[in-house]
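Asker:
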Amino acid sequence: MAFFSQTSHQVFQPLLWRCRVFWPVSRCQQLFAASLNTSNREKISYFGFTASSSTALPVDPKGTAVFPTKKRSEIDFEEEKGWDEEPKEISEGKLRFSSSAGSLKKQLTNRVLPRHKFMNIQPPEKPLQAQEWNRLKESFQLPEAFEEVMFNNMIRCNSPIDVAKSLMTHVAKSNGDVAYHLLVKYLALCVQQGQTSEICDVYDIMKTRFRTLDSGAYNLLIRGLCNSDEWRMALTLLEEVRKIMVPSRTNYESCIKAASRHQEMNLAFELYHEMLAKDLVPTFDVLQALFDFSRGVEGAQLQKELFDILLYLRENQKYPHKTFMWSIKLWFESIPGGHWRGNLTNIKDSGQCPVCKHQLEDSDLTEEEYNKLRERIVRDVIHGTDTFRKTSPQEFEAFQTFVENRLPFDIVIDGLNVSHIKPRKMQCENLFDAVNCLAKENTRLLVLGRKHMLVNSSNWKREIMKEMQNKADFFFAENISEDDAFLLYATLQSGKHCKFVTRDFLRDHKACLSDNLTRHLFRKWQRGHQIAFSVEGKHINFLPALRYDCVVQTTGDTWHIPYKDAFEEKYSYQVPRKWLCIQQK
Numbered sequence: 208m209a210f211f212s213q214t215s216h217q218v219f220q221p222l223l224w225r226c227r228v229f230w231p232v233s234r235c236q237q238l239f240a241a242s243l244n245t246s247n248r249e250k251i252s253y254f255g256f257t258a259s260s261s262t263a264l265p266v267d268p269k270g271t272a273v274f275p276t277k278k279r280s281e282i283d284f285e286e287e288k289g290w291d292e293e294p295k296e297i298s299e300g301k302l303r304f305s306s307s308a309g310s311l312k313k314q315l316t317n318r319v320l321p322r323h324k325f326m327n328i329q330p331p332e333k334p335l336q337a338q339e340w341n342r343l344k345e346s347f348q349l350p351e352a353f354e355e356v357m358f359n360n361m362i363r364c365n366s367p368i369d370v371a372k373s374l375m376t377h378v379a380k381s382n383g384d385v386a387y388h389l390l391v392k393y394l395a396l397c398v399q400q401g402q403t404s405e406i407c408d409v410y411d412i413m414k415t416r417f418r419t420l421d422s423g424a425y426n427l428l429i430r431g432l433c434n435s436d437e438w439r440m441a442l443t444l445l446e447e448v449r450k451i452m453v454p455s456r457t458n459y460e461s462c463i464k465a466a467s468r469h470q471e472m473n474l475a476f477e478l479y480h481e482m483l484a485k486d487l488v489p490t491f492d493v494l495q496a497l498f499d500f501s502r503g504v505e506g507a508q509l510q511k512e513l514f515d516i517l518l519y520l521r522e523n524q525k526y527p528h529k530t531f532m533w534s535i536k537l538w539f540e541s542i543p544g545g546h547w548r549g550n551l552t553n554i555k556d557s558g559q560c561p562v563c564k565h566q567l568e569d570s571d572l573t574e575e576e577y578n579k580l581r582e583r584i585v586r587d588v589i590h591g592t593d594t595f596r597k598t599s600p601q602e603f604e605a606f607q608t609f610v611e612n613r614l615p616f617d618i619v620i621d622g623l624n625v626s627h628i629k630p631r632k633m634q635c636e637n638l639f640d641a642v643n644c645l646a647k648e649n650t651r652l653l654v655l656g657r658k659h660m661l662v663n664s665s666n667w668k669r670e671i672m673k674e675m676q677n678k679a680d681f682f683f684a685e686n687i688s689e690d691d692a693f694l695l696y697a698t699l700q701s702g703k704h705c706k707f708v709t710r711d712f713l714r715d716h717k718a719c720l721s722d723n724l725t726r727h728l729f730r731k732w733q734r735g736h737q738i739a740f741s742v743e744g745k746h747i748n749f750l751p752a753l754r755y756d757c758v759v760q761t762t763g764d765t766w767h768i769p770y771k772d773a774f775e776e777k778y779s780y781q782v783p784r785k786w787l788c789i790q791q792k
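Per this note's numbering, the very first residue in the sequence shown carries number 208; after that it's consecutive.
#1: I'd like to know whether the C-beta atoms of residue 618 and residue 639 end up nearer to each other than 8 Å.
#2: Counting only the same chain and skipping the five closest in sequence on each side, list residues whose C-beta sits under 6 Å from that of residue 392.
#3: Which residue comes first and which comes last in the beta strand (DSSP E) that contains residue 618?
#4: Is the beta carbon of residue 570 sitting closer than 8 Å to the one on residue 754?
#5: Quick one, which of 469, 430, 614 has its alpha-carbon nearest residue 455's?
#6: Out of curiosity, what's the CA-to-CA distance linking residue 539 and residue 630?
#7: Among residues of its own chain, excluding the 5 on either side of residue 562, which ones have a beta-carbon nearer than 8 Å to its beta-carbon?
#8: Can you look up residue 450 in the DSSP assignment and give me helix, strand or coil?
#9: Can you check whether the CB of residue 500 is closer than 8 Å to the CB of residue 521?
#10: I'd like the span of the beta strand (DSSP E) that includes residue 742, first residue to last.
#11: Using only the alpha-carbon positions, how far apart do residue 446 and residue 489 sit?
#12: To the nearest whole angstrom, what separates the beta carbons of residue 770 and residue 546, a pair I think is in contact under 8 Å?
#13: Taking the C-alpha atoms as reference points, what is the distance between residue 510 and residue 441?
#14: Could you round the C-beta distance between residue 660 and residue 667 to whole angstroms and report it? I think they count as a contact, below 8 Å.
#15: Return yes when the Cβ of residue 524 is within less than 8 Å of the Cβ of residue 730, no when it is not.
#16: Helix, strand or coil, according to DSSP, for residue 327 in the structure here?
#17: Are there 16 or more other CB atoms within 10 angstroms of the CB of residue 697, so buried, or fewer, so exposed?
#18: Which stretch, first to last residue, makes up the alpha helix (DSSP H) that contains residue 695?
#19: Quick one: grab the DSSP three-state call for residue 615.
#20: Taking residue 464 and residue 433 to be in contact with their CB atoms under 8 Å, please state how far apart those CB atoms are, rounded to whole angstroms.
#21: Taking the C-alpha atoms as reference points, what is the distance between residue 705 and residue 471?
#22: Comparing C-alpha positions only, which one of 461, 417, 768 sits nearest to residue 757?
#23: By the three-class DSSP mapping on this structure, what secondary structure does residue 588 have?
#24: Use the C-beta contact count for residue 377: other C-beta atoms within 10 angstroms, 16 or more gives buried, fewer gives exposed.
#25: So, helix, strand or coil for residue 683, using DSSP?
#26: By the 10 Å Cβ neighbour count, where 16 or more other Cβ atoms means buried, how is residue 601 classified, buried or exposed?
#27: Using 8 Å for Cβ pairs, my map puts residue 690 next to residue 621. What's the rounded Cβ distance?
#28: Out of curiosity, what's the CA-to-CA distance linking residue 372 and residue 352?
#29: Taking DSSP as the reference, what is the three-state secondary structure of residue 350?
#30: When the Cα of residue 332 is compared with those of 345, 355, 374, 341, which residue comes out closest?
#31: Would you call the CB atoms of residue 461 and residue 498 closer than 8 Å?
#32: Helix, strand or coil: how does DSSP classify residue 789 here?
#33: DSSP puts residue 569 in a beta bridge; with which residues?
#34: Which same chain residues, not among the five before or five after residue 568, have their C-beta less than 7 Å away from its C-beta?
#35: Considering just the uninterrupted stretch of the beta strand (DSSP E) at residue 747, what are its terminal residues?
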């Protein structure tokens with residue numbers, strides 16, 4: 208193969224044949240010689256692809272080939288990579304052959320130059336003849352990587368498909384074969400442009416030569432087919448993937464959206480439930496599609512399925528973004544004979560909806576729930592995890608004594624976290640501003656700090672620290688200590704009224720809790736007790752914890768759905784303040 212030096216080629220010759228698709232030149236000409244006009248279809252996103260001997264297996268006429276096995280984490284990792292990350296990965300020496308191809312594992316660091324040295328090559332605008340491709344290759348600084356680099360840039364520039372075909376034909380004529388990874392890159396360009404016939408042709412060749420493909424190739428094939436009239440072929444491919452690995456979220460969601468688009472709603476929800484059963488978390492994109500394509504469709508079962516999606520959002524504390532919220536509203540209003548009407552609103556501090564006058568659920572836990580949560584936090588989070596790897600039992604015992612002698616507190620502050628609110632300001636000044644803002648009306652504050660705060664420095668001024676200690680109690684832990692457990696303990700021990708201030712979402716601690724009910728109680732307690740804050744100019748704004756619970760709620764004839772203006776990829780501890788009120792007239 209062109210990607211290896213002569214020595215590497217000799218050493219790995221027994222393995223390389225497993226990573227290649229061998230075509231007669233006539234077959235290459237048949238597939239690639241004809242030029243297609245470039246479609247103006249919208250450029251679609253797709254997951255990255257990698258070809259390895261563990262996933263691209265040639266058909267064994269004797270049936271002796273072993274199917275690959277992959278861990279879920281490995282599959283997820285491949286999906287997260289983009290096509291343009293491959294050169295970087297290889298330049299760091301991470302290309303490996305799996306044990307299914309033999310026990311030999313080598314680091315190949317000389318396959319390509321670092322990505323930035325060749326990423327900006329401009330592909331030709333029209334098909335080239337063999338002599339022209341040869342001249343381009345000879346002028347390239349790393350000729351053995353020319354085809355791969357050129358295809359990467361064709362994908363980046365969305366080059367006309369006939370230009371890519373002319374390169375594939377040239378490779379086939381020159382080498383007598385086309386490497387597997389080049390075939391997948393050509394497939395990616397076809398998917399990007401919605402070239403359905405080309406996608407089908409490439410799949411025909413792949414399934415003829417290979418018993419199974421790598422997960423990236425399956426992702427591309429399924430997505431490409433799902434965006435075409437040949438979408439049912441993708442269902443066959445999904446079944447093929449099921450036999451050798453857990454299908455990816457992308458595989459499922461592509462098929463779900465294709466089924467929904469063609470009004471096969473029973474099939475769409477069957478795939479949706481199968482995806483949930485495999486612990487794959489659906490994106491808002493696929494959930495929104497289910498609402499969009501169900502608009503105006505009758506059926507009690509369909510309504511139940513969509514109501515269940517809303518309850519799924521409630522259970523997992525997920526807040527739809529504005530466009531998703533709008534799809535929900537339009538679906539409700541389109542239900543034949545449903546008489547639903549939706550209005551956007553802001554809920555009052557009292558928890559009453561201004562539109563329907565309904566009182567939202569209280570964020571407070573009952574006495575029994577609160578005591579159970581406090582016991583479980585101590586057992587599962589403080590004593591049952593690695594808390595004492597980041598602090599010592601002696602230090603935590605000293606903290607417990609400190610807290611017990613000063614209870615109760617009204618607000619517990621994660622001092623180090625809050626001190627970073629404004630990066631251009633001294634940390635002690637940030638904390639000082641926060642303490643001044645919160646220390647009102649005899650509010651009792653506990654600030655959790657670190658011992659380095661007591662050392663006079665550019666960020667921590669001794670006189671400012673002394674002034675703060677006149678307004679709040681301070682506990683200074685060791686510099687290496689993790690203070691989340693301290694924060695949870697002090698807040699819960701202070702009673703149901705006590706709130707806490709931190710920008711952390713505390714997801715790790717929630718995950719440590721031993722059962723779903725306790726995790727649900729933790730989320731509800733957190734929503735009602737974590738004080739959010741933001742910076743506007745020179746001022747820090749603290750938003751009081753809500754008295755009502757900020758999750759999807761229903762009474763049967765009303766739904767209240769909190770939403771955010773924009774999609775947030777990362778989970779935020781801040782709850783939305785905007786609501787969709789839907790009521791049945």
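For glycine and all other residues, C-beta sits at the position ideal for the given N, C-alpha and C.
Answerer: Taking the geometry as given:
#1: no
#2: 358
#3: 618 to 621
#4: yes
#5: 430
#6: 45 Å
#7: 550, 552, 788, 790
#8: coil
#9: no
#10: Residues 737 to 743.
#11: 19 Å
#12: At roughly 22 Å, the Cβ-Cβ gap does not stay under 8 Å, so residue 770 and residue 546 are not in contact.
#13: 27 Å
#14: 5 Å
#15: yes
#16: coil
#17: Residue 697 should be labelled buried.
#18: 691 to 701
#19: coil
#20: 7 Å
#21: 51 Å
#22: 768
#23: The answer is helix: DSSP assigns residue 588 an H, G or I state.
#24: buried
#25: strand
#26: Here residue 601 is exposed: its Cβ has fewer than 16 other Cβ atoms, across all protein chains shown, within 10 Å.
#27: 6 Å
#28: 18 Å
#29: helix
#30: Selected option, being the one with the closest Cα: 374.
#31: no
#32: strand
#33: 755
#34: 755, 756, 760
#35: Run containing residue 747: 746 to 750, per the beta strand (DSSP E) assignment.
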